[in-house]
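In this note's numbering, the protein residues as written are 7 to 432.
The structure under discussion appears below in the form of structure tokens.
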RNA sequence: GGAGGGAUGGCCGAGAGGACGAAGGCGGUUGUCUUGAAAACAACUGUGGCAGUAAUGUCACCGGGGGUUCGAAUCCCUCUCCCUCCGCCA
């Protein structure tokens, strides 16, 4: 959520930002209009209330002085004012609701460093690391390798749970578990993150806090009877870890990491990427979430991105860092880098991490503040998050890039101790 | 799933239609006393909106939302969360 006061005072900048984002639906003009109405009503209502408060006080005094007649006369007048207040309140409720709804549908402002372009064509590759593997045979995509090695079972997955469902089996399931642990251990031991095990079903208001609701409910699963939503990423529950809190001086930055399943309907991409485990309804992901002071925001974004990149480097997987353009920026992000890993079998760059700085956009929605100094007024924190990393796609890259001519897979040495010396899958 | 009981300021806890933004205590800040500290005593001690350069004024806030009333922390409805007992359960 943006700061309504900033919006009031910076309308040209706001309009320009919305053009850059190519978000034609954002109801920012409506919000400003409603904000004006709201303040107008608020002032009218308060004036009447002031009158009523004084009158009521007087009625009490008159009764104590046994002047019932005067009191009753005054009562009638107050009753009238009461009716007027009710009318204004009703109108105010309507305007408030509409304003809140509009505010929740206005995207975050892009950082000045974000490349300006109407869509993903304008994304910019900032860096590329590593060499793409060369083969003296035709490398297979992971769905063929996985089936041959019986470490991914698509048929039975679909039978049990419908399209895009899969079982990881044996060495496949183990590889995912081991990678998850390895990622976590590195973030905990080397990058200063604290591991959390978060709720995977949350209330709707938590989804609003991170910006998944109200606009993107279509991509979420939910309970049919109760207000429970399945997280599409640990970002949701972990960001809400400090909802409605004021963090005291000295507590920032806070760094959390969690490995959770993620649930996504992928309604928008029906019929796309249907083969393999590239785009699935349920997948495991290690997610990092940071709460920091505003001045540290950009540095922390770099640290966060590096924390994810290091993992790919240690696995010796070629990757590139992509700066997301304004038109492709997610609703809540002010700046975002995607990390894409090369998958030799399907000959594609796969997004395995998205590192974003949200500034105070999420903090405002989830009401997460901090006190800059003892006794100072609370301010909104900056939040960031990034995958470190999304597992099935890392598994895809490992399988496809490290495949051998005979269809076996030889995993990189760094995983040796985590795999108990069993680096080969055959 | 059944039956009850709760939610009040940073914390504990009173308050049961009017003088209540809310007793009392704890904690905190400041002052007096003291070489210093402790103790004692005194004063102050919540958040947010709106208007204003400001001093300030005003409104709202007793878990959330609605209602009754001239007036609600207090009465009614509803939601959320917590606790106790019973049942079930990994």
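Backbone N, C-alpha and C define an ideal beta-carbon position, used for all residues, glycine too.
Residue pairing of residue 356 in beta bridges, as defined by DSSP: 347.
Spanning the alpha carbons of residue 264 and residue 245 requires a straight line of approximately 11 Å. Rounded to the nearest angstrom, the gap between the Cα atoms of residue 140 and residue 432 is 20 Å.
The Cβ neighbour count for residue 364, taken over all protein chains shown within 10 Å, is at least 16; the residue is labelled buried. Bridge partners of residue 267 according to DSSP: 290. Distance from the CA atom of residue 14 to the CA atom of residue 37, rounded to whole angstroms, is 10 Å. Within its own chain, the residues whose Cβ lies closer than 6 Å to the Cβ of residue 260, once the five positions on either side in sequence are excluded, are 297, listed in chain order. In terms of Cα proximity to residue 270, the closest of 239, 60 and 278 is 239.
Distance from residue 300 to residue 227 at the Cβ level is roughly 34 Å; contact not present, criterion being Cβ atoms closer than 8 Å.
CA-to-CA, the gap between residue 337 and residue 103 works out to about 21 Å. For residue 393, the enclosing beta strand (DSSP E) begins and ends at 388-396. Nearest Cα to residue 350 within the set 62, 330 and 325: 325. Excluding residues up to 5 positions away in sequence, 268 and 398 lie with their Cβ nearer than 6 Å to the Cβ of residue 289 in the same chain. Counting only residues of its own chain and dropping the five nearest sequence neighbours on each side, residue 101 has a CB closer than 6 Å to the CB of 40, 43 and 44.
When Cβ pairs closer than 8 Å are counted between the two stretches, the segment 249-258 is seen not to touch the segment 124-136, the count staying below three. Straight-line measurement puts the Cα of residue 258 at about 59 Å from the Cα of residue 79. Under the DSSP assignment, residue 17 falls in the alpha helix (DSSP H) whose first and last residues are 17-27. Here residue 430 is exposed. Its C-beta has fewer than 16 other C-beta atoms within 10 Å.
In this structure, residue 177 places its C-beta atom within 8 Å of the C-beta atom of residue 157. Between residue 331 and residue 120, the CB-CB gap stays under 8 Å. Annotation: residue 214 to residue 109 spans about 11 Å, alpha carbon to alpha carbon. Around the C-beta of residue 423, fewer than 16 other C-beta atoms lie within 10 Å, and the residue is accordingly described as exposed. Straight-line spacing of the CA atoms in residue 409 and residue 416 works out to 6 Å.
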